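Sequence lines, in order, name chains A and B. In this text, residue positions in the first sequence follow my numbering: the first is 1, and each later residue adds one. In this text, residue positions in the second sequence follow my numbering: the first is 1001, and each later residue adds one. Don't be surprised by glycine CBs; every beta carbon is placed ideally from N, CA and C. As the structure is a computational prediction, the values presented were derived from the model and not from experiment.
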Amino acid sequence: MNTENVAIFTPEMKKTHTILMPMMLPIHFGIMKYLLADYGYHVEFLNTRHQGIIDEGLRNVHNDTCYPALLVIGQMIDALKSGKYDLDRTALMITQTGGGCRASNYIHLLRKALATCGFSQVPVVSLNLSGLPGVNTFHYTLPMLLKAGYAVLYGDLMMCVANQCRPYEVRKGDTQKVLDKWIEKIGKQFRGKGFLALQKNYRAILADFAQIPRKQTARIKVGIVGEIYMKYSPLGNSALEEFLVGEGAEPVVSGLLDFLLYCFTNNEVDYKLYGMKKWSWRPAMWLSRFLMHEQQKIIRVIEQQGVFTPPTSFQSLLELVDGTISRGAKMGEGWLLTAEMLEHIHSGVNNIVCAQPFGCLPNHIVAKGMIRKIKDTYPKANIVAIDYDPSATRINQENRLKLMLANARMAEDGGDAVGQDAAYQPHVTSGVAATADA
Amino acid sequence: MDIGSTTLKAVVLNESGEIVYKSYERHMSRVMELAQAKMRELSDLLAGKEIKIAITGSAGLGVANSTGLDFVQEVFATAGGVSRLYPDTDVVIELGGEDAKIIFLQGALEERMNSTCAGGTGAFIDQMAALLGVSLAELDELSLQATDLYAIASRCGVFAKTDIQPLINQGAKKENIAASIFQAVVDQTIGGLAQGRPIEGNVLFLGGPLAFLKGLQKRFLKTLCVEKAVFPELSQYFVALGSAYYAEGLDTSYSYEELLSIFENMAPAADAVEGLPPLFASQAEYDAFAARHARTEVPRVPLEDYVGEAYLGVDAGSTTTKLVLLDEEDRILYSHYCQNLGSPLDVVSEQLGRIYAACGDRVHIASSAVTGYGEELIKNAFGVDIGLVETMAHYAAARHFNPDVDFIMDIGGQDIKCFEIKDGAVASVMLNEACSSGCGSFIETFAQSLGYPIEEFARLARFAKRPVDLGTRCTVFMNSSVKQAQKNGATVEDISAGLAMSVVKNAIYKVIRAKDADALGQHIVVQGGTFYNDAVLRCFELLIGKEVIRPQIAGLMGAYGAALHAKAHRPAESTLISPEALAAFTHTSTLVNCGLCTNKCALTVNTFSGGKKYISGNRCERPIKGSGSQELPNLYQWKQQRLAGLTSRPGTRGKIGIPLVLNLYETIYFWHPFFTELGFEVVLSDMSTRKLYARGQHTIPSDTVCYPAKLVHGHVLNLTDKGVSTIFYPCMSYNVDEGMSDNCFNCPVVAYYPELIHANVPLDADLIYPYISLNDKKLFVKKMTEYLRDIARDITKKEVAHAADCAYAGLTQYRADLAAEGQRAIAYAKEHGARTIVLAGRPYHADPEINHGIDKLITTLGFVILSEDDIPDQHRSGEQRVLNQWTYHARMYNAAWFVGTQPRTELVQLVSFGCGIDAVTTDEVREVCRSQGKLYTQIKIDEINNLGAVKIRLRSLLAAMEEREKAAK
């Protein structure tokens, strides 16, 4: 790896530099922001959403590069060009998963783009847990990792229940208010030991969400799976969750923890299959055992309260995927994506949107490649794969989503033959799509 | 009411569900106007009635949103209509203007629409008809008289166009092309939509194209084996009908007056489009622009008044044919620019006749030259003196306008060409990849579909208030973008300006991949017919922030350059066809398949008057020169021969099948001895062919995956056809660690394709696909012993260990032999002073069905061919600016460094369409080449089986090398 001309992020820069990072999960990243600040990092998450981002991406990365890379790099270059930031006091941070997928190359594409734009002085920090080669790897300590783990747990809990409130809220915005309150509260608790009062916090969060006035209407549940950025980021998936809520559906999105656990356990699989990384997988295994245990706690608390549907445990995902695809498939989202589709179906969510970047290599296998097998086993599965890329139009995507929703409604109404009056519960879409356009 | 991408269909039912009205009209994108007009038109029928209404269709969504009327998704509406009228239907196939849909009704209901990438539908057929210069009805008529079929890429319109164009230029029969176009649509439907689910039983065909086009119906019936095919009379109204049935079940009803007023008051949906700034702020700005570009005129002299020598240049482009006749002072005596309407020979013959008539005895054509796609055909037909590659012709012309020119951008009907000029030679050539070739002819087709002549359409763009942003991808996407813009109320002006902008962005971002204006050079000349469009020219200047030169003869530059070249290289005696011979000129063409090698090129044999023949479609010289000609070292051929030498012996443990695909193209040298040693008879799948691909096409779940991966489906089915009951195809996350990279991954597709095969291909055999790595021999033995016990219980670890020894030795031997062969080729090149090309791809690019015989084409140009995997380690892996973590790709970087150390050697990179990893590697390989002062050439390959564009590239590369060598002397 040629790192000769790479701008170095020195320890002193913690004091002087603002670190920009693309937003992916508003709740989780919102909590992390406090955590990072406690360790002296001034991080700003980029929430921008406009055409200029795509244009910068097109200009600066190979156009056949996957859409998330194009967006993330476009967003950062766009920010640097905006004039809002002092370029000598700004750094960028980007995550690197470090697998056989090209996503591991984002950081290098970003550095190339910075060089051609004349921003070579801006250091890029890599946030990865795989020990990839290179400079500027984000330095973390054990307590920091532990706290980050809890931030993810809290984030997942909030995201899970917020998704179950938002579509039903009587007063628009109630859910967001509760969310904002708890992001701040938990975020601040990381300064002390408050965040460790897990049970107390979990219960308080659940109680707070439970008291939001909600309509008792039945809504169609739609699971969202996909490439991680497309799955979560509104910039990436054209605000898919908003669209689904507007269409009268309830989006079901699994948590970030599963993805982390997937990454950690891959080392174990590598060891078992190929005898690789003999020593490095053990700590990762301990960490994953610990996090799985913590995930169980959350599930139990939600069950005890009895208001919301708890997420499925990672342990169950491991069991579910067995027999459909090997856990050796570990590039990109790998077997986890297949597992999540199965998980949705098993928890009664037959309708699934698979959000993927156009031409995503792992998804040829683990998403589109597995749909046939899943449908053969579960004929009721109603899966739509949506491709996202710089020029895919929303009308095209919406049309496909609407077909999935129409099928979902028909199945909900008992699956009577189409065309019989009784089977129809016509759904009025007027105004809804217009909202999504705005 | 069904409002699709191109048409509006309306159906009215009475109380008893009978159809009392139906209509089918093209809406020319005036969706709202036509919907309103439709409502008014129905006043007699509907006035005083209670009406229920539902709207459907892709453009109908916008109307539903702005009127608040009920919307029903079109596939859903169709399924409703079918279950009511044709309840025993098993499968519905519906082709619309832009959408293709398939509905499976037997068993679990399944509905599919074409993915965003696949456009082989009604709009595609329209485009192809325009390309052939015939109406839809004529196309249909022609197709019914076809005698042969050509292979036309079925994935998307742009690809198909690339296949069809050379056929036209080579003089293939229109009848056969027409039928081939329909066959491409059929293949697309089966491959892209059915995705593994067989189309059988009672099939109902719906939609406009299937209702009107008998030829298309015929192709469907010939291809599918269905019990019963139904083409209902109401086919094209069917979705509207389904929508009407849906409306019956609605609660809300309206009076006619209410409904009419809803339509009349329909407003464009919320105005959220982010438009682009107008092209010209004022009339004055436009005038200044127009005046500046008027200065680049070329003096003309009427041919009728001229006496003396003249020089002819012909540019036989893809969709247009251009001719220029010059006098001694480079003034134009005669010029012609026209659509060739698929018959370039007729155009040239007619034009030559006119020129000869006007020349009389006063003017003598002393020299002639031809360039462009149809170069060889025209050269052979009319005895033109010189044929030259397009790049050279264009540079000759551009230099005439600005001797300092350092960048030429040519946007033609079908292709974008950019050349960088350094030190008086073409330093690099950039051509649009097949996927982004939505260029000039695209604007034209669009103008036509909206009902405007191109000149008028271009003029409208000048003062568009808010040009729409249409993105930068291929035609299919563009159609959807326009649809979206129309939904948002964009005017034709805005669309025209937006299209111009997107063509330019496409050229700059996708073809040149320029970061900023300076990257394009200081003296830019733009040309090609598309730049006659002032909007395109303006967008180009706006986007790069520079003034450029557009010669007034922008569309004639190739021909002008050819004429200049003809003048500069005047032969003693011109061989151009005489007026007498021209008068008697005739031409016929027949199609034959060459049988001299496995490529089985489809040759078009053109026979001209006097029995002169010209063969096109060939990759190598053999069909012309015979098979005995001396061949240069070609590592791709060596690999093929080596594979052919793999023989099996019957074993005690029975047969095991191994598909010859992807990484197995190399690791077969490992597995073959491994299984042979264990007592298995190894059965390999046959060499890839188009037919073998078709064998598995219906089981491909993702139509955007690369062609090498798609071929796997055919290979495993081929193994079962051979009676193999156990197939071995391992999953390999990791490739062999060759120490040239930071990690040794395979790409995700190579690594896990066996998973996909297991999930999607119904096999009469056991597929054994263990996850295995070759990097730890001991572990390999342990793991393989476990896995193999599933198929052979008695296998011992000792046996496996022995077989593994042979396997590792086999692979090592192959790699050593390959490296030695590479050394031999390098030595040969040195000894004979031959030029060398490193054709860098992956091991499986040696498959002739994947590389389409590009290697042979390159050797005909006099190059020795090396491959990326026979190059000694250059020990520069640490200098990569990207994460170097794939074994195969590390070899390419290595090859790029190697090229820098060798004289008269250049690199050509083979890239499979859809290879996401190559989005990273192409830029990096290019930078490595350039940093060493080498040229970089990239060739994208797919199912497309046409080498026209590839040839231009390679000839330009050769011309550039020659000029550099000349300059060096």
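Spatially closest choice to residue i from the options, by CA coordinates
{"i": "Ala1447 (chain B)", "options": "B:Val1683, B:Ile1378, B:Ala1497", "result": "B:Ala1497"}
{"i": "Asp1385 (chain B)", "options": "B:Tyr1373, B:Met1392, B:Ile1365", "result": "B:Ile1365"}
{"i": "Leu1431 (chain B)", "options": "B:Val1482, B:Tyr1509, B:Arg1354, B:Val1092", "result": "B:Tyr1509"}
{"i": "Ala1507 (chain B)", "options": "B:Val1429, B:Thr1445, B:Lys1417", "result": "B:Lys1417"}
{"i": "Leu70 (chain A)", "options": "A:Ile374, A:Cys360, A:His346", "result": "A:Cys360"}
{"i": "Thr1056 (chain B)", "options": "B:Ala1890, B:Leu1520, B:Ala1244", "result": "B:Ala1244"}
{"i": "Val1389 (chain B)", "options": "B:Asp1534, B:Glu1376, B:Gly1062", "result": "B:Glu1376"}
{"i": "Tyr1669 (chain B)", "options": "B:Asn1065, B:Asn1593, B:Leu1774", "result": "B:Leu1774"}
{"i": "His1698 (chain B)", "options": "B:Val1020, B:Leu1664, B:Thr1223, B:Val1075", "result": "B:Thr1223"}
DSSP three-state assignment for residue i, whether helix, strand or coil
{"i": "Val152 (chain A)", "result": "helix"}
{"i": "Asp1271 (chain B)", "result": "Unreliable placement is indicated for Asp1271 (chain B), whose pLDDT of 46 sits below 50; no coordinate value is reported for it."}
{"i": "Asn1606 (chain B)", "result": "strand"}
{"i": "Ile1421 (chain B)", "result": "strand"}
{"i": "Lys1379 (chain B)", "result": "helix"}
{"i": "Met1001 (chain B)", "result": "coil"}
{"i": "Ile352 (chain A)", "result": "strand"}
{"i": "Ala417 (chain A)", "result": "Only weak support is given to the placement of Ala417 (chain A): the predicted model assigns it a pLDDT of 34, under 50, and the value that follows is read from those uncertain coordinates. Ala417 (chain A) falls in the coil class under three-state DSSP."}
{"i": "Arg214 (chain A)", "result": "strand"}
{"i": "Thr18 (chain A)", "result": "strand"}
{"i": "Ser1629 (chain B)", "result": "Caution applies to Ser1629 (chain B), whose pLDDT of 49 falls short of 50 and renders its modelled position unreliable; the value that the coordinates give is listed next. Residue state, collapsed to three classes: coil."}
{"i": "Tyr1971 (chain B)", "result": "Any property of residue 1971 (chain B) remains undetermined from this structure, which presents chain B solely from 1001 to 1969."}
{"i": "Pro1754 (chain B)", "result": "helix"}
{"i": "Asp1070 (chain B)", "result": "strand"}
{"i": "Pro357 (chain A)", "result": "strand"}
{"i": "His139 (chain A)", "result": "coil"}
Whole-angstrom C-beta distance between residue j and residue i, which should lie under 8 Å
{"i": "Asp1737 (chain B)", "j": "Ala1819 (chain B)", "result": "Between Ala1819 (chain B) and Asp1737 (chain B) the Cβ distance is about 17 Å, and since that is not below 8 Å, they are no contact."}
{"i": "Ile298 (chain A)", "j": "Tyr202 (chain A)", "result": "6 Å"}
{"i": "Leu1756 (chain B)", "j": "Pro1701 (chain B)", "result": "7 Å"}
{"i": "His28 (chain A)", "j": "Ala151 (chain A)", "result": "7 Å"}
{"i": "Ile352 (chain A)", "j": "Gly223 (chain A)", "result": "5 Å"}
{"i": "Ala1804 (chain B)", "j": "Val1838 (chain B)", "result": "Actually they are not in contact, since the Cβ atoms of Ala1804 (chain B) and Val1838 (chain B) sit about 33 Å apart, beyond 8 Å."}
{"i": "Ile1152 (chain B)", "j": "Asp1163 (chain B)", "result": "5 Å"}
{"i": "Val170 (chain A)", "j": "Lys215 (chain A)", "result": "6 Å"}
{"i": "Ser1956 (chain B)", "j": "Met1740 (chain B)", "result": "About 31 Å separates the two Cβ atoms, so there is no contact after all."}
Alpha helix (DSSP H) segment containing residue i, residue limits
{"i": "Phe1124 (chain B)", "result": "1122-1132"}
{"i": "Asn1851 (chain B)", "result": "1848-1851"}
Where the beta strand (DSSP E) containing residue i begins and where it ends
{"i": "Tyr1614 (chain B)", "result": "1613-1616"}
{"i": "Ala91 (chain A)", "result": "90-95"}
{"i": "His1364 (chain B)", "result": "1363-1371"}
{"i": "His1587 (chain B)", "result": "1587-1593"}
Any non-hydrogen atom of the ligand SAM within 8 Å of residue i CB
{"i": "Lys181 (chain A)", "result": "Within the structure as shown, the ligand SAM is missing, as the structure has no ligands at all."}
Fill in: Residues within the stretch 220-237 of chain A neighbouring chain B, beta-carbon criterion of under 9 Å
none
Discussion item. Along the stretch 345-363 of chain A, where does the CB come closer than 9 Å to a CB of chain B? Name the residues.
Written reply: Pro357, Phe358, Gly359, Cys360, Leu361, Pro362, Asn363
Discussion item. Residues of the stretch 302-322 of chain A in Cβ contact with chain B at a cutoff of 9 Å, in chain order, please.
Written reply: none
Practice prompt. With 7 Å as the limit, tell me which residues of the stretch 329-343 of chain A have their beta carbon closer than that to any beta carbon of chain B; keep them in chain order.
Written response: Ala329, Lys330, Met331, Gly332
Worksheet item: Relative to chain A, which residues along the stretch 1398-1426 of chain B have a C-beta separation below 9 Å, given in chain order?
Response: Of all residues in the stretch 1398-1426 of chain B, none has a Cβ within less than 9 Å of some Cβ in chain A.
Item to complete: Pull out every residue of the stretch 1922-1939 of chain B whose Cβ sits closer than 8 Å to any Cβ of chain A, in chain order.
Response: Thr1922, Asp1923
Worksheet item: Just by C-beta distance, which residues in the stretch 264-297 of chain A are closer than 7 Å to chain B?
Response: Leu273, Tyr274, Gly275
Worksheet item: What are the residues of the stretch 36-52 of chain A that lie near chain B, defined by any Cβ-Cβ distance shorter than 8 Å?
Response: His50, Gln51
Item to complete: Using a Cβ-Cβ cut-off of less than 7 Å, give me the residues of the stretch 1693-1727 of chain B that come near chain A, in sequence order.
Response: Pro1701, Ser1702, Thr1704, Val1705
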